[in-house]
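Notes for the one structure printed next.
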Amino acid sequence: MSLSPHHVHGLAADEVAPDWPPLTMGDVQGLLRHYPALTAPTEVLWRSPRPLSAGAIIRSGQDRFFVKRHHPDVRSLADLAEEHGFIRHLQAAGIAIPRLVENNLGLTATMDGGWNYELSELASGQDLYRDSPSWTPPRLPAHARSAGRALASLHLAAGNYLAPQRKTWLLLDRGELIASSNPVDWLQSKLPQRPGLQDYLRQRSWQSQIEALFANRPVDLPSRLAASPPLWTHNDWHVSNLTWQPEGEQARVCNVLDFGLSARTTAIHDLATAIERNAVAWLELERGMEAVHVDIALQLLAGYNEIRPLTRHDLALLHDVLPLVHVDFALSEVEYFQAITRSTADADVAWDTFLLGHAQWFGTPPGQRLLAALLEGR
């Protein structure tokens, strides 16, 4: 089978050449030497359009697997082990997640040829949104309701997972800047641990921009977040990270995918991220009111409420968190583009369009409409 030239999702609703070379049969053959129980790979069936790593579905004998390859500066074997520990806990609690395949050392993360790999069984169900970029709303409100139920179930299953916070900052949402009482001082104190971000910020009047970003944050938000029970969360709850069965209005979440952004945050932070990812067409803001999908947000809430009911306090916290829920991940993207892919132009997009622009949008009429609907819960 010959695949067409590979492109990935860009930062402007476009397709671009990948930063990371696509997976080849040679890569997969080298990897499967570490998995003697599997037969030799026979075909690369599909390559993922996600831009931050290289992923592909491969055929090995009669079986199909998903392979994900990371640059070691982005995800070390220890980083992957943190994600995999959370996955195993959720699986033991009954959450349907594709099984990670162990290598000949009994490990689920493998180094080969200078890259770090994960290998998992193929998810059951249909990957209805696999070619949809993040921030593409679900096609059907019923899908949002099912996604809300599935997220609440995951939160219940994660309640007794007590692992410490992730060690890396890169391409991760740890929810810590938004929860800090003084964001400028907090970020300044972390820059020695994040040299790529520090390098980028030297060219920015970042202190004043961060102060402006948080100027309208409720004064008591840090204390309210501090009082929220910490919880390991998915942090990228978009319909493209879920599989479905069957199709159409009756489709229900079948499997949960991609725990690469998972970390220790809170349930409300994760729910706000789900709304940010699914209910706003960020790549089409020129459509005005048509870019905000209040029905999708409310269906996510309705589904979540069926499994893990939200209080009025929860809705108020969700309302206040949502305009800033993206900031930690946006900073990690700035750091990734500056330090890893060496693209200051992409880092500028992450800073100006994502970090600052998304927060500013919540002050527009469409953003205010979404926030008002969440506060009412209807």
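Each residue of the sequence shown is one higher than the one before, starting from 1 at the first, in full-length UniProt numbering.
Using N, Cα and C, we set each Cβ at its ideal position, and we do this for glycine too.
Here the alpha carbons of Phe354 and Pro49 stand approximately 20 Å from one another. Short of 6 Å from the beta carbon of Ala152, and not among the five residues preceding or following it, lie these beta carbons of its own chain, in chain order: Tyr304, Ile307 and Arg308. Counting along the chain, His70 sits inside the beta strand (DSSP E) bounded by residues Asp63 to His70. The DSSP assignment places 110-112 and 115-121 as complete runs of the beta strand (DSSP E) inside the segment 76-146, in order along the chain (cut-off: 3 residues).
Here the alpha carbon of Leu154 sits roughly 21 Å from the alpha carbon of Ala226. At least 8 Å separates the beta-carbon of Asn278 from that of His319.
Residue pairing for Thr243: DSSP places it in a beta bridge opposite Asn255. In the DSSP assignment, Trp237 falls outside any alpha helix (DSSP H) and carries neither an H nor an E. The segment 330-338 and the segment 294-304 do not touch, with fewer than three beta-carbon pairs separated by less than 8 Å. With fewer than 16 other Cβ atoms inside 10 Å of its own Cβ, His313 counts as exposed. In this structure, Thr108 and His34 do not form a Cβ contact; the two beta carbons are roughly 11 Å apart against a cut-off of 8 Å. Assignment of alpha helix (DSSP H) within the segment 259-342, counting only whole runs of 4 or more residues, yields 267-278, 294-307, 312-321 and 327-339 in chain order. Segment contact: the segment 339-352 against the segment 193-207, three or more CB-CB distances shorter than 8 Å; contact assigned.
Nearest C-alpha to Val253 among Ala263, Phe259, Ser76 and Ser240: Ser240. Beta-bridge analysis with DSSP links Pro41 to Ser60. For Leu374, the enclosing alpha helix (DSSP H) stretches over residues Pro365 to Glu376.
Under the DSSP definition of a beta bridge, Ala54 partners with Arg69. Excluding its 5 nearest sequence neighbours in each direction, Ser262 has C-beta neighbours in its own chain below 7 Å: Glu83, Phe86, Trp232, Thr233, His234 and Asn235, listed in chain order. Residue range Gly357 to Trp361 is occupied by the alpha helix (DSSP H) that includes Trp361. The bridge partners DSSP lists for Thr233 are Ala263.
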